[in-house]
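A short write-up of the structure that comes next.
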Amino acid sequence: MMKCRILLLLSLLFFSSSLYAQSGEEYTVEGVVVDESGITLPGVNVYNRDTKVGAKTDFMGKFKLKLQGDVTLVFSYIGMKTKRVEVHPTDITNNDLQITLKEDLEMLDEIVVVGYGSQNASDMTGSVSQLKENEDITRQYTNVDEVLQGRMAGVQVTTNSGQPGGGVSVKIRGVNSLRGNNEPLYIVDGMVISSAGEDTNNAFSDGNEDQGVQNGLAGINPRDIASIEVLKDASATAIYGSRGANGVVLITTKQGAKGKTKINAYLSTEMAMISNKVDVLNSVEFAQMSNEVRLRKGFFPQYHIDNGQIYQIKDGIVDSEALVQVNWQDEIYQPGVSTTAQLSASGGTDKSKFYISGSFNDLNGIVQNSNMKTGDLRLNFQTNVTDKLKIDTRMSMFYSQGQFAQGGSKGGSSRSFTKSVVNFQPIYGQEDDVSDIGLGSPVAFLQDYEDLSNELKLFAAFNATYSISKSFKYQLRANTNYRTKERSIWYGRETQKGSQVNGALGIAGMDRTGYVIDNLLMFNKKINKKHRIDAVVGFIVDGVVTTQSNSESENFPVHNLKSRAPQLGQTIVRPYTSIQSEEFLLSGLGRFTYTYDNRYTVTATMRADGSSKFRAENQFGYFPSAAAAWHISEESFLNTSEAVSNLKLRASWGLTGNQAINPYQTMTNFGVVYYTDANNNQIIGAGPNNLGNEFLRWETTTQANVGLDFGFLQGKIYGSVDVFHKRTDDLLQAIQLPPSTGFQSYLTNRGSIENKGIDFMLETVAYAKKDWNITLGGNISVVRTNVLDLGIPEAPVYINGEQQMASYYLGNNVSSGTYFKQPSNIFMVGQQVGMFWGYKTDGVYQTAEEAANGTKVNGQTPSAGDIRFVDQNGDGNIDNDDLTIIGNPNPWFTFGFNAKVSYKNLTVSALFTGAIGQEIANGNLLIESDADQNNKNIRPDAYYNAWREGSTNATAPRLAHPDASLFTDRIIERGDYLRLSNLTVGYDVPISSRSVERLNIFFAARNLFTITNYSGYDPELTTFMGDGTIMNVDWNSFPNARSFTLGANITF
């Protein structure tokens, strides 16, 4: 009996201890995950094998889990062998684990998204740059183009306007065409979307252009992006045929993952302020300058200056009240506060996964009428209907309301808000209302100018993939996107334009519907572990229907309603006009990739495009490519090397095309014509808009690329270098026609240009031990774009005083106003594209004798203090025959440099960008150096260094000199710069809550400083992004902003 009781007691003790071990008290396990080199691994999946509950390691590779009982933890990471570790609650040493993961050579190959599919990174033969999801980068930006800036070799992103919604210019490996903005093709989840430069037509026939163009990429939330691939050479882009000549940007958005639903919340507040101001005369200096100019013109002085106070002189009597002194840049440019909020959820099961997000942005610029409110929603859903059928659906919506401040346009400086801030007189009377101190004042533009836009974008993509067999798959992709936008621009009577017509209103609208249907058959097979084949063939139908509308009216009896009452316009300048265009593309494609023994890879691609823009005989273009790669590091003599982890030599050749012209250019188009008869009655009819050319055909670009991918010291140092050559033939160009024809230009194929250069990228893990991790990286791109042929007769030109015969044509006029109303750039055979074309100068005439013996200017003898022009042809007279090359807008090279330092939970990252060798035509100097008008402010250099009687070394011309509006080398400035584009400090707050996976707070500064000698607002700004014939001209540009952001990101 006693034995039975003892056995029963022992059984109870054993059972209770087992029960404790299995479901006892909760305990915490912490640890770090590293690779074989001791480098910490962020993003490793750590979970309980039985419950599937777990977390991911943080940026320092650390994890923390709450467990109960005996547990098997699973550690999994892409490219690493999965590891299982037994954890026991009684084993206290397990509370601080260090887990080492080993490389899995079978899984190590990274998957890269390419055209119509994906490939192993090791099988890539083309030049592709990749940017994976990185919260440090994407969370700070509102547009995808900002994410690209400075992070990829060969990709140049230029800001067109520093205000919310402002346009950008994106170029991949330089200029590929002499028309348009050379934008790459953008594809999001298989959908072709609007380019950065696509916008409504001009609301006015002579304004709302160039800087007025708003960003067509708005609507892609950077925080929804999983990866970005930029395809640069023909091997990568030829699969897109006629659309791939300018490069391709592939954007893949996030999708859910198997496991419990994760909720992520993001909130940030940003303060933006002007980053740089233009140096002009202060109020006292302005009054002195104004008096001096009036005296030179034979008038009495206008201002009396006494002890720093300024008094106006009227009829010889000095006013008793001092004038108000103001610095308009300080007055107008004020800090703008913006807020961004986003909420997302993701999760899934074995069969289905989802990702849903919504965000709101309230963006405010550095002036009061520069703002934008946006909202977007996204739903991505994938499900395995059966073992063979997978459905992938992605939908998104974007809506925005914005107000745009006036910037540079071809309408002249009097219609530019940004120019009035710099030039308008910095004084006004005590009794004057600041809003009524003169037409064209900056306050007038703020209060009586309005540019409102409303935009809606809808995207939907449906992909169905059916596995026919283990090797064959069929994929159907059906995508559509819709965009509608209305833009209203109002000039009130307090603006120059509005005062002339008692108010002016222009309304432009755009509706764009695009669709793409892809039918793809895919093949992927491994044979005997030596042979790997990947192939795809497809048939594509692509269509776009666009409707553009315009109306323009003047003479408004009521002004306070501004753009909200178009029906009040008494004079119809342009009746409501709506024009619809359609364009279609029918394509067949194929790509074959073969890899032998992981050492040798060959790729062949072919695409045929049939475009509705060309007539039948020229409708189809054929775009082949071929490429090969040698994986040197897989050879027997190198595959055991500890120093060399990757070495791959690539070479490619191929053709791509370009059809970037408006539809119906092969025929004469008719449009609405309106005019008034002798009785002032308005007549509306139809008339020809263009002179059609039935022989138009494709632009074709032939590309060759040789590249080397490398990695050393087990991937601690890695990078790539590419040497490329591109030649574009049959350029689509507009030939200028004489006025007698009734048309301005005629579109035709003629000429050739070439691009050649080098892209280089290097990344390195500089230090990785214990709690520290330091990574450094950079990229540099050198591109030269030369004009080879223009297909037009040669004509005499003078370069450095020597006559040459050359084919050339001039770009478009910069302005239709008083200043800069001539072309700025020339395209000449044997020269780089877009060289600056103007007058060379040689200082200033210091004496009357020098001037009398000097060269006449348009038949007029110069005076002392006038600019001395260089007589290129030696005929003793300065005229159009003396125009010559005066500068080069193309940079020698562009670069980006990044650094990231992590210590425990703290991370600091920085991005530097820059360009060396470019020159800028600072057209603003034409106005800011001209003291001919005494109510306009100027630069200090133009005043203090101006020629005066007795001067012997003056560097600036006399005040009120006659040649202020001529384009000369005096306004050509070096545009070299080095910018700290981004500085971010982030901290992962230690969290003990089981419901919170991660809490990160961060502080970011953008455009923190710029080192440059450029005297304008910003050397990175370009005013005319929509006109490929006007390059690197700064004309009334809106300044860039410096911003500071404080934000938090929390994951549940």
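The sequence shown maps to residues -21 to -1, 1 to 1031 in mature numbering (1 follows the signal peptide of the UniProt record, and there is no 0).
Note that beta-carbon positions come from the ideal geometry of N, C-alpha and C, so glycine has one too.
As the structure is a prediction and not an experimental result, all values here were calculated from the model.
Asked                                                                                                                                                                      : Found
How long is the line joining the alpha carbons of Asp366 and Ser448, rounded to whole angstroms?                                                                           : 11 Å
Count the other CB atoms, across all protein chains shown, that sit within 10 Å of the CB of Ala595; report buried if there are 16 or more and exposed otherwise.          : exposed
What did DSSP end up calling Met646 once you bin it into helix, strand or coil?                                                                                            : coil
Counting only the same chain and skipping the five closest in sequence on each side, list residues whose C-beta sits under 7 Å from that of Asn402.                        : Ile906, Glu907, Lys915, Asn916
Within the same chain, show all residues whose beta-carbon is closer than 6 Å to that of Gly866, passing over the 5 residues directly before and after it, in chain order. : Phe815, Glu898, Ile951
Could you round the C-beta distance between Asn728 and Leu716 to whole angstroms and report it? I think they count as a contact, below 8 Å.                                : Not quite, the Cβ-Cβ distance comes to about 16 Å (not below 8 Å), so this is no contact.
Could you pull the start and end residues of the beta strand (DSSP E) that Trp816 belongs to?                                                                              : 814 to 817
Phe54 and Leu80: beta carbons closer than 8 Å?                                                                                                                             : yes
When the Cα atoms are used, what is the spatial distance from Leu628 to Gly698?                                                                                            : 12 Å
Which term fits Gln321, buried or exposed, when burial requires 16 or more other beta carbons within 10 angstroms of its beta carbon?                                      : buried
Exposed or buried, Ala622, counting other C-beta atoms within 10 Å across all chains shown (16 or more means buried)?                                                      : exposed
Between Arg973 and Gly965, what straight-line distance do the alpha-carbon atoms span, to the nearest angstrom?                                                            : 22 Å
Look up Leu547 in the DSSP assignment and say whether it is helix, strand or coil.                                                                                         : helix
Have a look at the DSSP bridge pairing and note the partners of His704.                                                                                                    : Ala683, Lys735
When DSSP builds the beta bridges, which residues end up paired with Gly965?                                                                                               : Thr886, Phe981
Under the assumption that Asn758 contacts Met740 (Cβ atoms under 8 Å), give the Cβ distance between them as a whole number of angstroms.                                   : 4 Å
Mapping the DSSP letters down to three states, classify Met131 as helix, strand or coil.                                                                                   : coil
Pick out whichever of Ser323, Gly287, Ile296 has its Cα sitting closest to the Cα of Pro280.                                                                               : Ile296
Pair every Cβ in the segment 326 to 341 with every Cβ in the segment 257 to 274, then say whether three or more of these pairs are closer than 8 Å.                        : no
What residue does the beta strand (DSSP E) around Ser532 start on, and which one ends it?                                                                                  : 510 to 533
Any idea if Gly686 is buried or exposed, counting beta-carbon neighbours within 10 angstroms, 16 or more meaning buried?                                                   : buried
Helix or strand or just coil, what does DSSP make of Val64?                                                                                                                : strand
Does the segment 633 to 650 come within contact of the segment 243 to 250, defined as at least 3 CB pairs closer than 8 Å?                                                 : no
Is the shortest distance between the beta-carbon of Thr397 and the beta-carbons of chain B less than 8 Å?                                                                  : Checking the listed chains, one finds no chain B in this structure; it contains a single protein chain.
Just the Cα atoms here: how many angstroms apart are Gly169 and Ser731?                                                                                                    : 32 Å
So the candidates are Phe799, Gly790, Ser530; which of them puts its Cα closest to the Cα of Ile805?                                                                       : Gly790
How big is the Cα-Cα spacing for Gln190 and Ser1016?                                                                                                                       : Note that Gln190 has pLDDT 47, beneath the 50 cutoff, so the model's placement of it is unreliable and the number below is only indicative. Spanning the two alpha carbons is a distance of roughly 7 Å.
Rounded to whole angstroms, what is the Cα-Cα separation between Asp861 and Arg847?                                                                                        : 13 Å
Could you spell out the range, first to last residue, of the beta strand (DSSP E) harbouring Lys541?                                                                       : Run containing Lys541: none; DSSP gives neither H nor E here.
Would you decide whether Tyr818 is buried or exposed? Buried here means 16 or more other CB atoms lie within 10 Å of its CB.                                               : buried
Does the beta-carbon distance from Gly995 to Asp1013 come in below 8 Å?                                                                                                    : yes
If you scan the segment 795 to 839 from start to end, which runs of the beta strand (DSSP E) of 3 or more residues do you find wholly inside it?                           : 804 to 807, 814 to 817, 820 to 823
Less than 8 Å separating the beta-carbons of Val263 and Ile230?                                                                                                            : no
Around the C-beta of Met646, are 16 or more other C-beta atoms found within 10 angstroms, so that it is buried, or is it exposed?                                          : exposed
Ordered along the chain, which non-local residues of its own chain (more than five positions away) have a Cβ less than 6 Å from that of Phe1023?                           : Met250, Ala984
When the Cα atoms are used, what is the spatial distance from Ile640 to Leu675?                                                                                            : 10 Å
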